[in-house]
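As C-alpha cells, the structure follows; a few thoughts come after it.
In the UniProt record's numbering, the protein residues as written are 1 to 1129.
See the structure below:
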C-alpha cells in the first residue's frame, strides 16, 4: 500500500511540476520518505564523464566528493551507474558488501549503513538522460515487488521530464508560423534551438531530434567565412538583428548558401527572451551571381561609353535591357533612358564625384523600358584618361528589389505574430487582449485596419475591438449577421475563413461602400476566433492592397488561433484567481461574525502604525471585551451567543469610520484600530459612541431581548514607548484588565494604558510649554545659484529644568491642537523679533514657520494678523508650512482661511510633499506658493541615486504650477552637488548647516559665501547632469527638432558631460568614456533616422544608450567612494 502511495504521490508531483530542478529534488525526497530508503539521488555525467548530482535526499553526506564515472576504462566507471548509463538498463544489487564491481565505494557505503542499491536510467527523447539511484540499509533487499515499483517510478519520472521539456518547447513554439515556405527557427537566449519548422528540416536534412538543443552555429563548416561568423556573433551579443548570406552544410555533407535573417525577441521590459531566424536557400542565386560575374568580366552586362552625357557606344546587352536597338541608342542624350527629370538629375549629381575620384556608384536608379515597364538599375561609372569620357556598367536589380520587399513583408507578418503571442500572455482582461491584438498587428504596417466582431443580442454585427482608419465609422453601421455580402458575417455563419480580393466592384452599393472608397480598401480576410471550444468572434483583416496570398492567409488564421488560445488561458487564470481569492478570504475571516480574524489583524496593525508615524497622528489600539456575555451563553446556548457576537460585529462595522478597523480577537473580545486621531478628545468621543451602540438591547431571533456591557483597554501609538504590534496588544489588554477591575467606581468604560483613571494635571511637555521653556532655533536655506543664505526655517525646542533640550520628535506627540497653536504663536513671535535683529545687521532673510493644519481657523487668521501687523516685517517674508498629509485641508472652510492669510501677504508652503497620498490634488486645490520635497527622497540619494528622477519630476511639476521648490534632507556634499547640478533653487540640510540657535546663526551668516565649481565635483552630480541634459534633449527631439544642436549631439567632445568627466579625472578609453561615446553614437543614429522619417524613429536606441551611460556613471560613483582620491578612473 505504501509503495502504491509512493507512485501516486510521484504522479501527482509530476503532473503539477513546472521547474525541473525542484521536481527532481522533490522526487528524491518522496523516495526517501515514502519508500523508507536511506538515500536517493539523480545524476548525469558531465563532458568528462564524471557524474554530477542534480538532486539528492536522505544520507546526502555520502555524496560529498563521491567520484562515479561513465568511462568503462577506469574502475569508477565499471560500477552499476556507469553500466546503467552505457547500457540503458537498470542495475540492482542486494549485497553491497560482496559485489566486486562495487569495490571503489564499498567501505564508504557500509560506513553510511548502505547495504543494497538500485540504479535505474531516466530517459528523455528516447535516450538515457540521467540515472535514479536509490539505496536501502539494514540488509533490506530490493524484492520483486519493490523492483517493479522502482521500474514504474523511473518510467513516470522519465515521462515527467519529457512533459516539462514539451511545456518549455511549447511556450517558444507559440509564436512560430509552421506554414511559411522559408526555414523558421527559434533559439533561447543561450542560442540553442528550441524550435525548427519543417521547411528548415527539409532544407538541412536533419530531423527535429537532431536539431533541438544544439547551438545555432552547428550548420557552419570550415569553409564558412570567419568574418561572417564574427558579424553574426557580434549582432546576437548586442541583441541586434542580422541579415546576410552564409555558407552552411547539410546533414549529408553538401554545402548550400543560406540567406539568414535573425531578430532578437524582447519582452516589454526590454529583456531578451530568444531569437527568431529565417532561412532561405539561395545556392542557385549565388551560382547565378557567380555566373553573372563571369559574364560581366566578358562584357555581358549593360555597358555604355558616355561623353558629355551622350551615348558614344553601348553593348547589345544594354540595348536589350532597355528594349531598344543599338542604332536607337548610340549618339542619343542619356535622358532617353530615364522616366523623369529627377532620376536623370540624380545621376548628373554623381558626376562631381566621378570627376574627383575617378569612380562613382549610383544605386536604384529608375530607368524606363521601351514598353514603359519600370526598371531599377545600379550604375557603376569609371572615368577614362581623357577626363571627359566615362564607362558605365549597368546592372538591372528590379527583380532582387522586389524579392527583398516580399521577404520584408513575410518578416513583418512573422514579427507581428511573435509580438501578438507575447503580449496576449500579458493581457489584463479580454477587452485588453482584443484591443492589443488589433493595435499591434496594425502597427506592424502589414494590414490597414483590423476589427474583432461578434453578434449582439439582436443579431447585429457588434465591433468588440479594432484599430486602424475607419474602425470607428464601422461601429455605427447596423449590419445583421445574416447579410450575405458582409464578409465577417459569412465567416461567423460558415465557421471558416473567408477572403475577398476585390471590393471595388462588389461592395460599392453596400452601406459601407463610401468607407471603402474613402480609405482605398481593396481586400479583406475574416476568420473565426474560438473560445472554450465554441465560436467566440470573428477577426477581420483589411488591406489597401491585394496582400492575401497563401502565407498571409495562414498567418491571419494563426493570429486568430493565438487569440483563441490566449482567451482560453485567460479564462483558466480567472477561474483559478477566483478560487484563490475565496480561499484567501476564508483564511483571514472569522467564521462566526464575518469580521477579520486575528491573523488579518496582524498585517493591518503594521500598516496602521506606519500611517500614524507618517501622518503624525495618533493610533488607538482598543481591546474591547463584552460584559455580561457569559450568562447569555450559559442561559441560551452557544448558538444564541454566536448570534449576539454577529449582531454586535455588524453594529460596530456600521458605527466605525471608514479609516478604522475591527477584528474578532477571540471569545467575546474584539480589537479596534482607531486611526487619524488628533488628540485624546477625539478618542473619547469615538469610544463613547462605541459604548452607546453596544449597550443598546439586542432582539434575538427567538424573540428574547438581551443586553451586554462593554469594557475597553487602549494603547496609544506612537506615544507608547514601543514599535512592536504585539506589545501594543499586551498593553491594551493590561488596560482592559484594570478598567474591568474598577467597574464599580469608574467614570468611563475605557482606560488608556499608562494613564490615571482620573487625570487632573498636564503632561511634562505641556508643562514646559506653559512655563515658557520654548527656544527657537533656525536652519538656513541656501540659494543654489548665488550660494547665499536667503531664508531660514524656525524650529521649536523645549529646554527642561535640567538643561536638556527636547526635540519635536519628543514633545509634539504630547501636545494637543490648542498647544500646537500656542507653540506656533511663540515661534512666530520670536522669529519676527529675530528677523528685525538680522535686518539691522544687513541680512534680509525670509522665515518659514510650521502651522498645524487643525489650527487653521478664523481665530488663527486674526492671531497671525495681530502678531505681524505691529512689526516692520513685510508679510511676504513669512512662509507658513503646512504638513502635506493632513486631510483637514480638504475642507472648504480651511481653504478659505488659507486664502485670507494670503490676502494679507504671507506665503504658504506644502510641507513634506510625497510623504502621503493626494499630493497632486492638493497642489491643484490649495493656494500654496512653495512646496517642500519630503527629505526621505533626498537624504538617501547616495544609496538610491535613481531617486533623482523623482526630484527632477517634482521640479518640473513646481515649474509648471508656478510654485517655488525647496528641497530638504541635503545632508552630504555629494547630495548637495547633485541637487545643485539638477537645478533645484533652494536647499536645506546638514550639508549647509544644522539647526542653530540665534547666536550661532549670526556667526554662520558672517561666513563668506562658498564659491561653487562650474562643473559637478562628484559623480553623483555628474549623474544629475546626465539626467538633466538627456531630459532636455529628449523633450527637444520630441517637440521641436529645430532647436537641436546637432554638433553637440553627435560629437561627444563638445558635450557638457565630456567636460565634466574630464574635470572629474575620467580617462579616455575608460568604460565610462566608452559608454559616453556610444551614447552620442546612438544620438547620431537617431539623427540619421530623422532624415528619413520622424515616425520611423526607434526611441529604444536612445533609451538603451542613456540607461547604459547612467549605469556607468553610477558604477564609477560607487567605485570612487571606495578608491583613493588620487587614483584615476
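Ideal Cβ placement from N, Cα and C applies to all residues, glycine included.
Please read all numbers here as calculations on a predicted model, not as lab measurements.
DSSP on residue i, reduced to helix/strand/coil?
i            : result
residue 433  : helix
residue 189  : coil
residue 943  : coil
residue 669  : strand
residue 366  : strand
residue 806  : strand
residue 559  : helix
residue 634  : helix
residue 871  : coil
residue 277  : strand
residue 143  : coil
residue 1121 : coil
residue 622  : strand
residue 644  : helix
residue 593  : coil
residue 676  : strand
residue 320  : helix
residue 202  : helix
residue 99   : coil
residue 313  : strand
residue 793  : strand
residue 881  : strand
Given this structure, state the Cα-to-Cα distance separating residue i from residue j, to the nearest angstrom.
i            : j            : result
residue 824  : residue 833  : 14 Å
residue 1130 : residue 949  : The requested residue 1130 does not occur in the structure, where the chain is confined to residues 1 to 1129.
residue 571  : residue 20   : 26 Å
residue 944  : residue 1023 : 12 Å
residue 266  : residue 240  : 11 Å
residue 903  : residue 822  : 23 Å
residue 209  : residue 573  : 33 Å
residue 317  : residue 377  : 13 Å
residue 84   : residue 125  : 17 Å
residue 214  : residue 980  : 55 Å
residue 687  : residue 1110 : 55 Å
residue 974  : residue 994  : 17 Å
residue 321  : residue 355  : 27 Å
residue 221  : residue 270  : 33 Å
residue 835  : residue 762  : 33 Å
residue 972  : residue 782  : 14 Å
residue 1029 : residue 54   : 51 Å
residue 605  : residue 629  : 27 Å
residue 560  : residue 516  : 24 Å
What residues in its chain sit with their C-beta under 8 Å from that of residue i, if we drop five residues either side in the sequence?
i           : result
residue 442 : 448, 449, 450, 467 and 468
residue 734 : 713 and 753
residue 665 : 598, 601, 623 and 671
residue 653 : 595 and 662
Who are the Cβ neighbours of residue i in its own chain at under 6 Å, not counting the five residues just before and after it?
i            : result
residue 877  : 846
residue 1002 : none
residue 843  : 1005
Please list, in chain order, all residues of the same chain as residue i whose beta carbon is under 7 Å from its beta carbon, the five residues on each side excluded.
i           : result
residue 642 : 592
Anyone know if the C-beta pair for residue i and residue j falls short of 8 Å?
i           : j           : result
residue 901 : residue 966 : no
residue 683 : residue 674 : yes
residue 527 : residue 486 : no
residue 96  : residue 116 : yes
residue 118 : residue 90  : yes
residue 805 : residue 625 : no
Compute the minimum distance between the beta carbon of residue i and the heavy atoms of the ligand FAD, and state whether it is under 7 Å.
i            : result
residue 1113 : Within the structure as shown, the ligand FAD is missing, as the structure has no ligands at all.
Check whether the region 146-166 and the region 43-55 touch, using three or more Cβ-Cβ pairs below 8 Å as the test. Look at the beta carbons and you see the region 146-166 not touching the region 43-55: under three pairs across the two are nearer than 8 Å.
Taking one C-beta from the region 545-555 and one from the region 457-465 each time, how about it: are there three or more such pairs within less than 8 Å? Counting Cβ pairs under 8 Å, fewer than three are found: no touch.
Below 8 Å, how does it come out for the region 55-65 and the region 150-161: are there three or more Cβ pairs, yes or no? Verdict: no, contact absent.
Are there three or more Cβ pairs, one per stretch, closer than 8 Å when the region 185-192 is compared with the region 21-41? Too few Cβ pairs lie closer than 8 Å, so no.
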